[in-house]
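Just so you know, we're using numbering that gives the first Met the number 0 here: the sequence shown kicks off at 0 and counts up by one.
Just so it is clear, CB atoms sit at the ideal spot from N, CA and C, and this is done for glycine as well.
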Amino acid sequence: MASSLRHFTGLACFPVPAPAGAGASGATCLLRRYTPDFCAFAALRPVRPAAAFSAANPLASPAEHEQRQQPQQAVPCHGGDPPAPSPSPSPPSPAPLRVGIVGFGNFGQFIAGGIQRQGHAVLAASRSDYSDYCAGRGIRFFTSVDALCEEQPDVLLICSSILSTEAVVRAIPFHKLRPDTIVADVLSVKQFPRNLLLEILPLGFGIVCTHPMFGPESGKNGWGKLPFVYDKVRVTQDGDQAVKCGQFLSIFEQEGCRMVEMSCAEHDRYAAGSQFITHTIGRVLSQLNLKTTPINTKGYESLLQLTRNTVSDSFDLYYGLFMYNINATEQLDNLERAFESVRQMLYGRLHDLLQKQIVERVPMTTISSGKLENSRSNSFAAPPLSRIITEENKHVSSITSVASPTRILQHTACSIGQ
0 MASSLRHFTG LACFPVPAPA GAGASGATCL LRRYTPDFCA FAALRPVRPA AAFSAANPLA
60 SPAEHEQRQQ PQQAVPCHGG DPPAPSPSPS PPSPAPLRVG IVGFGNFGQF IAGGIQRQGH
120 AVLAASRSDY SDYCAGRGIR FFTSVDALCE EQPDVLLICS SILSTEAVVR AIPFHKLRPD
180 TIVADVLSVK QFPRNLLLEI LPLGFGIVCT HPMFGPESGK NGWGKLPFVY DKVRVTQDGD
240 QAVKCGQFLS IFEQEGCRMV EMSCAEHDRY AAGSQFITHT IGRVLSQLNL KTTPINTKGY
300 ESLLQLTRNT VSDSFDLYYG LFMYNINATE QLDNLERAFE SVRQMLYGRL HDLLQKQIVE
360 RVPMTTISSG KLENSRSNSF AAPPLSRIIT EENKHVSSIT SVASPTRILQ HTACSIGQ
């Protein structure tokens, strides 16, 4: 028993040679530096028989009885447990993009501001020299697209005009770029650049067609809630290209834009009925040389502002909206038919004929039918107007020289009915 206790407590006696003069029975007990393994006692723990458990716990559930009947296993020692897995490190954030802008005019500079606000680098190339502008804003400026492409930006953003886009794209040395470079555009038409890029770019290049539906004027106070239309025409589902595409689109999302994913064909259908019509109405109003008046209404103020906004854009932009959108011609025809329809509605009321009699108080006999016919020769209402005036001349003797407006209306209505 004593030896067992000495084993577990670490106490053991070892005989050592006795010094000279010592008795033969001398022995020295040495204390070993030993820490007992108490986990060894786990196997010695008595297991209570299932019958004893049932007798002591008559109200136990059948599941508890079944669990007690299963063989008990020793509790593993904590020292043998595998170490707890350390939390996996979060993936590193992707490096900021390097966005190369081809065409650094007014709109290119406007877009560059948003790119920089989101922490990405901007490289620019343009025919005009913007080196001083770029130097003060931390933008690297290149005098040629070739020099820009040698820097191999992650995204190449085309910000040229609609009319010059094809020449610009065909002059880009794509062989100097990485094969997974993303090429994007910001044109106001979308099917044209989509088909052009698919035709010219090598297969590995990503293509993203975008249209920020705002500009330096409408976005001068921020891009919040302004629509940004995009179409990922050709982008890999995973890999670096997919990550960079997400980074590029997040620039506009983080700026607060209302992101609208839409096919290029669908975009052009909507744009023809909204953007092109807006520019057309503004151009038409500019031909009227409208001026402000002392009694401007809110509606008239809106028309003046519309005229100023559209005329501030170049005519090349307006022509590009017409020439490079296959839906624009149809909208222009619809607008012309709508104008003629409204003019017919006005002439159907014989406005000019009655105005002479009601406002100017001119007798009906002095109204020249030939003059009225000539003034309306280009309208659809001219034939019926001529017929009505002829009928009026036949019955003019039955009307007083200065008839009441009500009688004139009644007589006109009767003539139309005949």
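- Distance between R177 and V154, taken at the CA atoms: about 10 Å.
- For a cut-off of 8 Å, the C-beta gap from H119 to L96 is around 4 Å, short enough to register as a contact.
- Judged by DSSP secondary structure, L349 falls outside any alpha helix (DSSP H); it is assigned neither H nor E.
- A residue is called buried when at least 16 other Cβ atoms come within 10 angstroms of its Cβ; V358 does not meet this threshold and is exposed.
- The closest CA to that of A271, considering only C133, F321 and S87, is found on F321.
- Taking N105 as the centre and dropping the five residues before and after it, the same chain places the C-beta of P215 closer than 7 Å to its C-beta, in chain order.
- Around the beta carbon of K297, fewer than 16 other beta carbons lie within 10 angstroms, which makes this residue exposed.
- The stretch 141–166 contains, as complete beta strand (DSSP E) runs of 3+ residues, the segments 154–157 (chain order).
- Under the three-state reduction of DSSP, P226 is assigned to strand.
- Three or more beta-carbon pairs separated by less than 8 Å link the stretch 248–263 to the stretch 211–228, which places the two stretches in contact.
- Taking a C-beta distance under 8 Å as the contact criterion, I250 and Q117 qualify as a contact pair.
- Under the three-state reduction of DSSP, E260 is assigned to strand.
- For the options R282, P93, T209 and A241, the alpha carbon positioned closest to that of H266 is the one of T209.
- Bridge pairing for L122: G99 and R139 [DSSP].
- Counting other Cβ atoms within 10 Å of its Cβ, F314 stays below 16 and is therefore classed as exposed.
- Residue burial annotation: H278 is buried, with at least 16 other C-beta atoms found within 10 angstroms of its C-beta.
- V283 sits exposed, since fewer than 16 C-beta atoms from the chains shown fall within 10 Å of its C-beta.
- The C-alpha of Q330 is placed about 33 Å away from the C-alpha of V234.
- Between the stretch 119–133 and the stretch 89–103, the count of C-beta pairs closer than 8 Å reaches three or more; the two stretches touch.
- I199 and I171 have their C-alpha atoms roughly 10 Å apart.
- Within the model, the alpha-carbon separation for V185 versus L303 is close to 28 Å.
- In the three-state reduction of the DSSP assignment, D128 falls in the coil class.
- According to DSSP, R233 shares a beta bridge with I206.
- Ranked by Cα distance from D179, the options G238, E165, Q356 and F213 are led by G238.
- Counting along the chain, D315 sits inside no beta strand (DSSP E); it lies in the alpha helix (DSSP H) bounded by residues F314 to M322.
- F140 places its beta carbon 8 Å or farther from that of A166.
- Considering only F173, Y129 and S340, the residue with the shortest C-alpha distance to L202 is F173.
- Excluding the 5 residues flanking it on each side, C148 has same chain C-beta neighbours closer than 8 Å at G99, L155, I171, P172, F173, K175 and L176, in chain order.
- The Cβ-Cβ distance between T306 and S340 does not fall below 8 Å.
- Ranked by Cα distance from T142, the first of G102, S159, S262 and S160 is G102.
- When C-alpha distances from S262 are compared across V207, A327 and S89, the shortest belongs to V207.
- Counting the other Cβ atoms within 10 Å of the Cβ of P192 gives 16 or more, which makes it buried.
- A distance below 6 Å between beta-carbons, with the five flanking residues on each side excluded, links E252 to the following residues of its chain, in chain order: M258.
- Between S125 and the set I138, Q274 and S89, the nearest pair of CA atoms involves I138.
- P211 carries a strand assignment under DSSP once its states are collapsed to helix, strand and coil.
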